[in-house]
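Trainee: I'd like to ask you about the structure that follows.
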Amino acid sequence: MNIKQSILLRVRIAFLAVIAFVLVVIYRIADIQFVQGDDWRKQAQEIGLDYKTIKATRGSIYADGNDLMATSLPFYKIAFDPSLANDNTFKTGIDSLSLLLSKFFRDLSPGEYRKKISEARQSRKRYLVLNNRLINYQDKAMMEKWPIFREGQMIGGVIFDKEDRRHRPFKALAQRTIGGLNIDGVATVGIEKSFDHYLAGQDGKGLYQRIAGGNWMPVNVASDVKPRNGYDVYTTIDINLQDVAQNSLLRQLEKFEAAYGTVVLMEVKTGEIKAMSNLTRTESGNYVEDYNYAVQGLNDPGSTFKLASMLALLEADKIELTDSVDTNDGTVKFYDRTMEDQSAWKGGYGKLTVQEVFEKSSNVGISKLVDQYFGKDPQKYIDIIKSTGLGKPLDFQMIGEGIPYIKNVDDKSWSGTSLPWMSVGYETSITPLQTLAFYNAVANDGKMIQPIIVKSIRKGNQIVEEFEAKTLDKKIASKATLEKLKIMLEGVVERGTAKNIKNDYYKIAGKTGTAQKLINGRYYKQRYYASFAGYFPADEPLYSCIVVIDDPKGWNSFGGDVSAPVFKEIADMIFALDLDLHDKFEGERLAKEGTFPVIRAGNFDELNKLLNQFGISNHMEEENVEWVRASVNNNAIAWKPNHSQSNLVPNVEGMTLRDALYILENKGLRVNVSGTGRVLRQSIYAGRRIEKGTTITIELG
Numbered sequence: 001m002n003i004k005q006s007i008l009l010r011v012r013i014a015f016l017a018v019i020a021f022v023l024v025v026i027y028r029i030a031d032i033q034f035v036q037g038d039d040w041r042k043q044a045q046e047i048g049l050d051y052k053t054i055k056a057t058r059g060s061i062y063a064d065g066n067d068l069m070a071t072s073l074p075f076y077k078i079a080f081d082p083s084l085a086n087d088n089t090f091k092t093g094i095d096s097l098s099l100l101l102s103k104f105f106r107d108l109s110p111g112e113y114r115k116k117i118s119e120a121r122q123s124r125k126r127y128l129v130l131n132n133r134l135i136n137y138q139d140k141a142m143m144e145k146w147p148i149f150r151e152g153q154m155i156g157g158v159i160f161d162k163e164d165r166r167h168r169p170f171k172a173l174a175q176r177t178i179g180g181l182n183i184d185g186v187a188t189v190g191i192e193k194s195f196d197h198y199l200a201g202q203d204g205k206g207l208y209q210r211i212a213g214g215n216w217m218p219v220n221v222a223s224d225v226k227p228r229n230g231y232d233v234y235t236t237i238d239i240n241l242q243d244v245a246q247n248s249l250l251r252q253l254e255k256f257e258a259a260y261g262t263v264v265l266m267e268v269k270t271g272e273i274k275a276m277s278n279l280t281r282t283e284s285g286n287y288v289e290d291y292n293y294a295v296q297g298l299n300d301p302g303s304t305f306k307l308a309s310m311l312a313l314l315e316a317d318k319i320e321l322t323d324s325v326d327t328n329d330g331t332v333k334f335y336d337r338t339m340e341d342q343s344a345w346k347g348g349y350g351k352l353t354v355q356e357v358f359e360k361s362s363n364v365g366i367s368k369l370v371d372q373y374f375g376k377d378p379q380k381y382i383d384i385i386k387s388t389g390l391g392k393p394l395d396f397q398m399i400g401e402g403i404p405y406i407k408n409v410d411d412k413s414w415s416g417t418s419l420p421w422m423s424v425g426y427e428t429s430i431t432p433l434q435t436l437a438f439y440n441a442v443a444n445d446g447k448m449i450q451p452i453i454v455k456s457i458r459k460g461n462q463i464v465e466e467f468e469a470k471t472l473d474k475k476i477a478s479k480a481t482l483e484k485l486k487i488m489l490e491g492v493v494e495r496g497t498a499k500n501i502k503n504d505y506y507k508i509a510g511k512t513g514t515a516q517k518l519i520n521g522r523y524y525k526q527r528y529y530a531s532f533a534g535y536f537p538a539d540e541p542l543y544s545c546i547v548v549i550d551d552p553k554g555w556n557s558f559g560g561d562v563s564a565p566v567f568k569e570i571a572d573m574i575f576a577l578d579l580d581l582h583d584k585f586e587g588e589r590l591a592k593e594g595t596f597p598v599i600r601a602g603n604f605d606e607l608n609k610l611l612n613q614f615g616i617s618n619h620m621e622e623e624n625v626e627w628v629r630a631s632v633n634n635n636a637i638a639w640k641p642n643h644s645q646s647n648l649v650p651n652v653e654g655m656t657l658r659d660a661l662y663i664l665e666n667k668g669l670r671v672n673v674s675g676t677g678r679v680l681r682q683s684i685y686a687g688r689r690i691e692k693g694t695t696i697t698i699e700l701g
């Protein structure tokens, strides 16, 4: 055999040996995995080895201005492997470490900690829980500098087992909208639940060993699968407007001892929800957020539905606003049921124009018109309303949207009285958000858009996904119909059931609603579902809003008395703080005409003395008021009190720097100043609760 053949033979033998070895390995793997797998798994459990889930860090939820609304804060349980440190490190550091642990946890003496750790080292214990109390990140950073611990996990033996806890910096603000997690860390409601697939991330897996005491110690092997943290959710909510809306609603609920209430504020053009609050009365009389009435709460909408009835009448070319309707004594009979107006007890309204019927919210007038023109073909009335999108789900971003119900003539519950009662908002079920979308469409020149509350998903600064409001209907009605609807909505505030919220600075358009509550299949008088829906400013709508207050107590418990004031308080706050929303202060215009000096706000005594020297008439109705704001009343300045509760941020816009600093600093606020002149704007809206150490920036100009 020559050398070449000898080498070739050896290579073949080596190759066959490798093949044989690989086959043996594959056989052994298969044998262990499938034949002996159960036995090995049983032995692994007996020696305490198991793969456990490593929870991913949940993403955060942000408001529109990047204010943090919900986040996961890391907490740690501190454990120790006392066998890892060398003898010199242990001997020189154990006394100091024991003293520091004793001072921090205050449960054992330094000597007891020294004994506990030393005994664990002697018995070669690999995982000693030093204390079951969770520590925060700052405490962890401090402990990492302590003797022995400063050597790290691999040399010093310190182990910090991380555990995330969900935290809401603004506490109860928008609590139900944001949602939460149960004790097992599972998202239950709100944005937390609806966007859980983004927020949750992907859990990892790691090998752990069971040790004495039932604890599990991480083995830290290469086969561990690291968790993938969740994405962040950025909402459309404006923290300042949310605070204003929620507090306004709360005050009204407490005043009327109502069962629950909800308010939703939305931008007309974008469909972005800027505030959403839902408050329920508890047995103790407090109010908490535990159910999303705005999204899920189906109810008879009451008189806010009359806008849809008017749309149907106008679109069918049946009426003009100047047509007359005889509402008689405030009652009209349809078969065996009597429709009534609130005015029935004092003899009714008599003859009204169509516009007055709407402004006064006459049930008799609306139902007579709808019955007169659609009585022979009620399905046509229903079809016109449904063609606008009202009655269909909005496919809202949050889970649990209520399914609206507007019956058809072939429904089993249809009767001869269904049409007139539907026309004034009964025998239907619609959520407040669905009603708001309809009113928003009127404000938006007929374009109905889908409300949104989440606008982007991000990983750090990287945008993963963005959301925009979908167009649900490009034009819910003709231009002529929309113009007439707007005229009627403005008339409600100018002369009708909501004239109590009329003001001289900007116009509001809207409609009150007062539906009798349906309880156990029966409608109850004097128990109401009071609402107000509308938009502002009426001439160039920027915001739409709906307020619902259920079962208010007291004599004046109608929509105009109960819900409309909440709407106005929110609108007033936006108007006062958004300088781009309205024309320049009336006093500035008059100053250019040579009538008044520019006066905005300040100390009453000083401003009163100044105007008296100029011979300008000014008056103050209240007494002992220190700080005021100016308003022009004919040819005089009318002073209005400019103060707030001690725990609320005051309005300092228009003041001199000296006055603004005096007021803000006396409230305990830290003030940053930019620019020169009077205060143009402030970084924190007036009416927000003051948190300790809050810093406010005021811009002068």
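Reminder that position 390 of the sequence shown reads as 390 in UniProt numbering, one-by-one numbering, no gaps. In this text, a Cβ means the ideal position worked out from N, Cα and C, and glycines have one as well. Remember, predicted model here, so these are calculated numbers, not experimental data.
CA-CA distance, H197 and N500?
Mentor: So the alpha carbons of these two residues sit roughly 46 Å apart.
Trainee: In chain order, what are the residue ranges of uninterrupted alpha helix (DSSP H) at least 4 long that sit wholly in the region 174 to 262?
Mentor: For the region 174 to 262, whole alpha helix (DSSP H) runs of length 4 or above, ordered along the chain, are 175 to 178, 190 to 194, 196 to 199 and 239 to 256.
Trainee: Less than 7 Å between C-beta atoms, sequence neighbours within five positions excluded: which residues of the same chain meet that for D81?
Mentor: The answer, listed in chain order, is R126, Y127, G157 and I159.
Trainee: Restricting to Cα atoms, I'd like to know which of L390, T388, K380 and T338 is closest to K368.
Mentor: Measuring from the Cα of K368, the nearest candidate turns out to be T338.
Trainee: Once DSSP output is grouped into helix, strand and coil, what is the label at G510?
Mentor: Residue state, collapsed to three classes: strand.
Trainee: Determine the DSSP secondary structure at R10, reduced to helix, strand or coil.
Mentor: Reduced to three states, the DSSP call for R10 is helix.
Trainee: If the criterion is Cβ atoms closer than 8 Å, does the pair K511 and Y528 meet it?
Mentor: No, the pair does not count as a contact, with Cβ atoms beyond the cut-off.
Trainee: Looking only at its own chain, which residues have a Cβ that is under 6 Å from the Cβ of K459, when we skip the five neighbours before and after it?
Mentor: Result list for K459: Y231, in chain order.
Trainee: Quick check on K162: does DSSP put it in helix, strand or coil?
Mentor: Here K162 sits in strand by DSSP.
Trainee: Using 8 Å as the Cβ pair cut-off and three pairs as the minimum, do the region 271 to 291 and the region 167 to 177 touch?
Mentor: Counting Cβ pairs under 8 Å, three or more are found: they touch.
Trainee: If you reduce the DSSP assignment to three classes, tell me which class G111 lands in.
Mentor: Helix, per DSSP.
Trainee: Please go through the region 103 to 152 and give each complete beta strand (DSSP E) segment of 3 or more residues, from N-terminal end onward.
Mentor: With a minimum length of 3 residues, the continuous beta strand (DSSP E) runs that stay inside the region 103 to 152 are 128 to 136.
Trainee: Please tell me whether K274 has its Cβ less than 8 Å away from any Cβ of chain D.
Mentor: Absent from the structure is chain D; it holds one protein chain and no more.
Trainee: Give the secondary structure of T595 by DSSP, where H, G and I count as helix, E and B as strand, and everything else as coil.
Mentor: Note on T595: pLDDT 49, under 50, position unreliable in the model; no value is reported.
Trainee: So I117 and S96 are supposed to be a Cβ contact under 8 Å. How far apart are they, rounded?
Mentor: The Cβ separation is near 12 Å, so there is no contact.
Trainee: Is it a yes or a no for the region 267 to 278 touching the region 299 to 313, going by three-plus beta-carbon pairs under 8 Å?
Mentor: Contact between the region 267 to 278 and the region 299 to 313 is absent, because fewer than three Cβ pairs lie under 8 Å.
Trainee: Roughly how many angstroms separate the alpha carbons of E112 and L101, rounded to a whole number?
Mentor: Straight-line Cα distance between these residues: approximately 10 Å.
Trainee: When you compare each of I452, H167, V566 and S531 to residue 703 by their alpha carbons, which one comes out closest?
Mentor: This structure does not reach residue 703, given that the chain is present from 1 up to 701, and the question cannot be answered.
Trainee: Could you say if the region 529 to 539 and the region 435 to 450 meet the contact criterion of at least three C-beta pairs nearer than 8 Å?
Mentor: Touching, yes, given that three or more Cβ pairs across the two stretches are closer than 8 Å.
Trainee: What separation, rounded to the nearest whole angstrom, lies between the Cα atoms of S277 and E283?
Mentor: Cα to Cα, the separation comes out at about 20 Å.
Trainee: Within the continuous alpha helix (DSSP H) that includes K484, where are the two ends?
Mentor: Note, K484: alpha helix (DSSP H), K479 to E494.
Trainee: So, F567 versus V547, is the Cβ gap smaller than 8 Å?
Mentor: Yes, the pair counts as a contact, with Cβ atoms nearer than the cut-off.
Trainee: Can you check whether the CB of T262 is closer than 8 Å to the CB of D64?
Mentor: Cβ atoms of D64 and T262: not closer than 8 Å.
Trainee: Do the region 187 to 204 and the region 14 to 29 touch if we need at least three Cβ pairs shorter than 8 Å?
Mentor: Not touching, per the Cβ criterion.
Trainee: What separation, rounded to the nearest whole angstrom, lies between the Cα atoms of S423 and S361?
Mentor: So the alpha carbons of these two residues sit roughly 12 Å apart.
Trainee: Per the contact definition of three or more C-beta pairs closer than 8 Å, is the region 451 to 458 in contact with the region 388 to 397?
Mentor: The region 388 to 397, when compared against the region 451 to 458, does touch it at the 8 Å Cβ threshold.
Trainee: Please look up how many angstroms separate the CB atoms of R678 and E699, rounded, as I've assumed it's under 8 Å.
Mentor: Not quite, the Cβ-Cβ distance comes to about 10 Å (not below 8 Å), so this is no contact.
Trainee: Using DSSP with H/G/I as helix, E/B as strand and the rest coil, what is W421?
Mentor: Reduced to three states, the DSSP call for W421 is helix.
Trainee: For the alpha helix (DSSP H) containing V652, list its first residue and its last residue.
Mentor: Per DSSP, V652 belongs to no alpha helix (DSSP H) and is neither H nor E.
Trainee: From the DSSP output, which residues share a beta bridge with Y287?
Mentor: DSSP output for Y287 lists R281 as bridge partner(s).
Trainee: Using a 10 Å radius around the Cβ and a threshold of 16 neighbouring Cβ atoms, would you call Q355 buried or exposed?
Mentor: Looking at its Cβ environment, which holds 16 or more other Cβ atoms inside 10 Å, Q355 is buried.
Trainee: Quick one, which of L279, R228 and M266 has its alpha-carbon nearest residue 781's?
Mentor: Lying outside 1 to 701, the shown extent of the chain, residue 781 is not represented and no answer is given.
Trainee: Verify whether the separation of the beta carbon atoms of E267 and Y543 is less than 8 Å.
Mentor: Contact: yes.
Trainee: What did DSSP end up calling F34 once you bin it into helix, strand or coil?
Mentor: F34: helix per DSSP, three-state reduction.
Trainee: So which of P432, E119, V628 and A85 has the shortest CA-CA distance to A601?
Mentor: It is V628 whose Cα lies nearest to the Cα of A601.
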